[in-house]
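For reference, the structure is listed below as C-alpha cells.
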Amino acid sequence: MNKRIQIITRHVLLIIAGIFISICFLELIVRAMGAKPSTYLRKFSMYDKSLGWIKTPNVEGEFIRGDRKIHEQMNSKGLRDREYTYQKETGVIRILV
Numbered sequence: 000m001n002k003r004i005q006i007i008t009r010h011v012l013l014i015i016a017g018i019f020i021s022i023c024f025l026e027l028i029v030r031a032m033g034a035k036p037s038t039y040l041r042k043f044s045m046y047d048k049s050l051g052w053i054k055t056p057n058v059e060g061e062f063i064r065g066d067r068k069i070h071e072q073m074n075s076k077g078l079r080d081r082e083y084t085y086q087k088e089t090g091v092i093r094i095l096v
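Numbering (numbering that gives the first Met the number 0), first residue to last: 0 to 96.
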C-alpha cells in the first residue's frame with residue numbers, strides 16, 4: 000500500500016510539473032512574439048469606489064483596438080470632450096444625453 004501511494008504521488012507531481020513547465024514555455028513564446036499586455040485601463044482609467052472605473056482627467060494618448068489606432072483626450076473632468084464648466088451661462092440650454 001505504501002508503494003502504491005508513492006507511485007500515485009510521483010505521478011501527480013509529474014503532472015503538476017508538466018503543467019507548470021508548459022505554462023512557462025507558452026509565456027516565453029508569447030513574449031518572444033512581442034505581445035504586450037493591455038495598458039488601456041492603467042493609462043486612461045482609474046478606480047472609483049462609487050462608480051467602479053472612471054476616466055482619468057487631463058490624459059491624452061493613443062491605444063490600439065483590433066486594427067485601429069484610437070486617439071483619446073480627456074478634459075479636467077475626465078470627459079472625452081472640450082473643457083466645460085459646471086455653471087451654465089445665461090441663455091444656454093443644456094441637454095443631458
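Ideal placement from N, C-alpha and C gives every residue a C-beta, glycine not left out. A quick note: this is a predicted structure, and the numbers were derived from the prediction, not measured.
- C-alpha of I69 to C-alpha of E82: approximately 20 Å in a straight line.
- E59 is positioned such that its CB atom lies no closer than 9 Å to that of M45.
- Collapsing the DSSP output to three states places S21 in a helix.
- A Cβ-Cβ distance of about 6 Å is found for the pair F43 and K54, placing them in contact under the 8 Å criterion.
- If you check the CB distance, G77 and P56 come in under 9 Å.
- Between the alpha carbons of L13 and K2 lies a distance of about 17 Å.
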